[in-house]
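Scroll down for the structure; my scribbles are underneath it.
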């Protein structure tokens, strides 16, 4: 691998999106970015072998590791770490690896928290707000529509602003909460990246299936290098999974890290 | 000397507690069978964490437990807590 992206997927006890995240990165790395399709692109990577032409080198990192090499991207995958005891993400947030995640986020590495990963990031203070129990107390496992509110981030530059995408959700605690002042700040600073919407892109207030404030599905930190979102882009990256709408997140990261794009 | 500390964690007042609301509806409509309890309101569901701590005084134990509550047992973004300490007999 030359000049590619080095990515880590952190594995906690009860992570369940770790393999999907790794595979999604391998798929997108192996197939290259637009206009750069290698002959190997038809090869289906099991996730074990390293494709020498891959643009993304992905490794699992166990949560007990307290010192890890520098990565361009760290993924905190979905799951139910530590049984969601106490609060979602509250215990994982104190795993040894989190000190490294904070350190690397501070030096500009991209950090992507999906579902439980998002919850861990808010508990760790890398993102503001908190994720409460879904408004109707139901676990929600289904597809939702999202509107890309900001396409100038390292996670969304492959999408267009206002684009409507479909992604699955699978969570019991996705009801994003932040106080009014914090919400105003997120909005003014363009840090609301994804909002729940209707299939045609309308976003009538209150459409979020979980009751999230401002229909927020995903936000970035002040510096723009940490994204947390409840939906699962890694679960919709190839037609056999039912769609490709999630590819954009990983292609954007590749653009940002390897293409020299700042955002 | 061992002390027993009890940390009670509740959602902040400004946070909608859907679980409390669901319990309240059940209390009002079903719990009494034939009898209804329309005079119930403001039901909130929280959690209690009990721990035993070695310390020299109830005050110092309370201070220590408050640090733990701030850092992990409660999330100040959405929750508040109280700490009660008594000697373990």
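Protein chains in written order, with my numbering: chain A, 1 to 263; chain B, 1001 to 1089.
Ideal placement from N, C-alpha and C gives every residue a C-beta, glycine not left out.
With a Cβ-Cβ cutoff of 8 Å, do residue 1072(B) and residue 124(A) count as a contact? If you number the second chain from 1, residue 1072(B) lands on position 72. If you number the first chain from 1, residue 124(A) lands on position 124. With respect to residue 124(A), residue 1072(B) sits apart: the two C-beta atoms are not nearer than 8 Å.
Can you name the residues that DSSP bridges to residue 165(A)? Position 165 of the first chain, counted from the start, is the residue given in the question as residue 165(A). Note: residue 165(A) sits in a beta bridge opposite 146(A).
Can you check whether the CB of residue 87(A) is closer than 8 Å to the CB of residue 1018(B)? On the second chain, position 18 is the one that residue 1018(B) refers to. On the first chain, position 87 is the one that residue 87(A) refers to. The Cβ atoms of residue 1018(B) and residue 87(A) do not sit closer than 8 Å to each other.
Apart from the five residues on each side of it in sequence, which residues of its chain come closer than 6 Å, Cβ to Cβ, to residue 155(A)? As a position in the first chain, residue 155(A) is number 155, starting the count at 1. The answer, listed in chain order, is 227, 249 and 252.
Which whole-angstrom value describes the C-beta separation of residue 115(A) and residue 146(A), a residue pair presumed to lie in contact below a C-beta threshold of 8 Å? Along the first chain, read from residue 1 onward, the residue named residue 115(A) stands at position 115. Along the first chain, read from residue 1 onward, the residue named residue 146(A) stands at position 146. Going by Cβ atoms, the distance from residue 115(A) to residue 146(A) rounds to 14 Å, so no, they are not a contact pair.
How about residue 57(A): is its C-beta nearer than 8 Å to some C-beta of chain B? On the first chain, residue 57(A) is found 57 positions in, with the first residue counted as 1. False, the Cβ-Cβ gap to chain B never drops below 8 Å.
Rounded separation between residue 173(A) and residue 132(A) - CA only: Working through the first chain from its first residue, we reach residue 173(A) at position 173. Working through the first chain from its first residue, we reach residue 132(A) at position 132. In this structure, the alpha-carbon of residue 173(A) lies about 5 Å from that of residue 132(A).
Quick check on DSSP: helix, strand or coil for residue 16(A)? Here residue 16(A) corresponds to residue number 16 of the first chain, with the count starting at 1. Secondary structure of residue 16(A) (DSSP, three-state): coil.
With residue 1062(B) as the anchor, note down where its alpha helix (DSSP H) starts and where it stops. By 1-based counting over the second chain, the position of residue 1062(B) is 62. Residues 1058-1068.
Cα-Cα separation between residue 1021(B) and residue 4(A), rounded to whole angstroms: Start at 1 with the first residue of the second chain, and residue 1021(B) comes out as number 21. Start at 1 with the first residue of the first chain, and residue 4(A) comes out as number 4. So the two alpha carbons sit approximately 51 Å from each other.
Proximity to residue 74(A) [Cα-Cα], best of 164(A), 175(A) and 7(A): Locating residue 74(A) in the first chain gives position 74, counting from the first residue. That would be 7(A), whose Cα lies nearest to the Cα of residue 74(A).
Near residue 170(A), what residues of its chain come up, given a Cβ to Cβ distance below 6 Å and the 5 sequence neighbours on each side ignored? The residue given as residue 170(A) occupies position 170 in the first chain. Taken in chain order, the residues that qualify are 141.
8 Å Cβ cutoff, residue 957(B) in contact with chain A: Absent from the structure is residue 957(B), since the part of chain B shown begins at 1001 and ends at 1089.
For the ligand NAD, is there a heavy atom less than 7 Å away from the beta-carbon of residue 1054(B)? Although the ligand NAD was asked about, the structure shown includes no ligands whatsoever.
Quick check on residue 94(A) - is its C-beta less than 8 Å from some C-beta in chain B? The residue given as residue 94(A) occupies position 94 in the first chain. Put simply, the CB of residue 94(A) is near chain B, with a gap under 8 Å to one of its CB atoms.
Which of helix, strand or coil does DSSP assign to residue 181(A)? For the purposes of this step, residue 181(A) is taken as the residue at position 181 of the first chain. Reduced to three states, the DSSP call for residue 181(A) is helix.
Can you have a look at residue 176(A) and say buried or exposed, based on whether 16 or more other CB atoms are within 10 angstroms of its CB? As a working note, residue 176(A) is residue 176 in the first chain. When all chains shown are included, residue 176(A) counts as buried.
Got a sec: is the Cβ-Cβ distance from residue 177(A) to anything in chain B below 8 Å? As a first step, residue 177(A) must be located in the first chain, where it is residue number 177. Output row for residue 177(A): interface = yes.
Residue 148(A) and residue 165(A): beta carbons closer than 8 Å? Position 148 of the first chain, counted from the first residue, corresponds to residue 148(A). Position 165 of the first chain, counted from the first residue, corresponds to residue 165(A). Against a cut-off of 8 Å, the Cβ pair of residue 165(A) and residue 148(A) comes out as a contact.
Helix or strand or just coil, what does DSSP make of residue 122(A)? If you number the first chain from 1, residue 122(A) lands on position 122. Reduced to three states, the DSSP call for residue 122(A) is helix.
Leaving aside the five residues before and after residue 83(A) along the sequence, list all residues of the same chain whose C-beta is less than 8 Å from its C-beta, in chain order. To locate residue 83(A), count along the first chain from 1; it is residue 83. Cβ within range, chain order: 14.
Cβ-based burial, residue 103(A) [other Cβ within 10 Å; buried from 16]: As a position in the first chain, residue 103(A) is number 103, starting the count at 1. So residue 103(A) ends up on the exposed side.
What residues in its chain sit with their C-beta under 7 Å from that of residue 1038(B), if we drop five residues either side in the sequence? Mapped onto the second chain, residue 1038(B) falls at position 38. Here the set comprises 1028.
Neighbour list for residue 90(A) in chain B, Cβ cutoff strictly below 8 Å: The count along the first chain starts at 1 and reaches residue 90(A) at position 90. Within 8 Å Cβ-Cβ: 1072 and 1075.
Endpoints, the beta strand (DSSP E) within which residue 195(A) is located: The residue you call residue 195(A) lines up with position 195 of the first chain. In this chain, the beta strand (DSSP E) harbouring residue 195(A) covers 192-197.
Within its chain, find whatever has a CB closer than 7 Å to the CB of residue 25(A); leave out the 5 residues flanking it on each side and keep chain order. Indexing the first chain from 1 puts residue 25(A) at position 25. Within the same chain, residue 25(A) has close Cβ partners 7, 56, 58 and 250.
Beta carbon proximity, residue 8(A) to chain B, threshold 8 Å: The sequence position of residue 8(A) within the first chain is 8, counting from 1. No, because no Cβ of chain B sits closer than 8 Å to the Cβ of residue 8(A).
How about residue 1080(B) and residue 1001(B): do their beta carbons lie closer than 8 Å? For the purposes of this step, residue 1080(B) is identified with residue 80 of the second chain, where counting begins at 1. For the purposes of this step, residue 1001(B) is identified with residue 1 of the second chain, where counting begins at 1. It is not a contact, given that the beta carbons lie outside the stated cut-off.
Classify residue 1003(B) as helix, strand or coil using the three-state DSSP reduction. The sequence position of residue 1003(B) within the second chain is 3, counting from 1. Under the three-state reduction of DSSP, residue 1003(B) is assigned to strand.
Determine the direct distance from the alpha carbon of residue 1040(B) to that of residue 232(A), and round the result to whole angstroms. One-based indexing of the first chain puts residue 232(A) at position 232. One-based indexing of the second chain puts residue 1040(B) at position 40. Rounded to the nearest angstrom, the two C-alpha atoms are 41 Å apart.
Threshold first: 3 residues or longer. Then list the beta strand (DSSP E) segments lying entirely within the segment 55-139 of chain A, N to C. 56-62, 73-76, 110-114 and 130-132
Where does residue 1087(B) sit, in a helix, a strand or coil, going by DSSP? As a first step, residue 1087(B) must be located in the second chain, where it is residue number 87. Residue state for residue 1087(B) is assigned as strand, using DSSP reduced to three classes.
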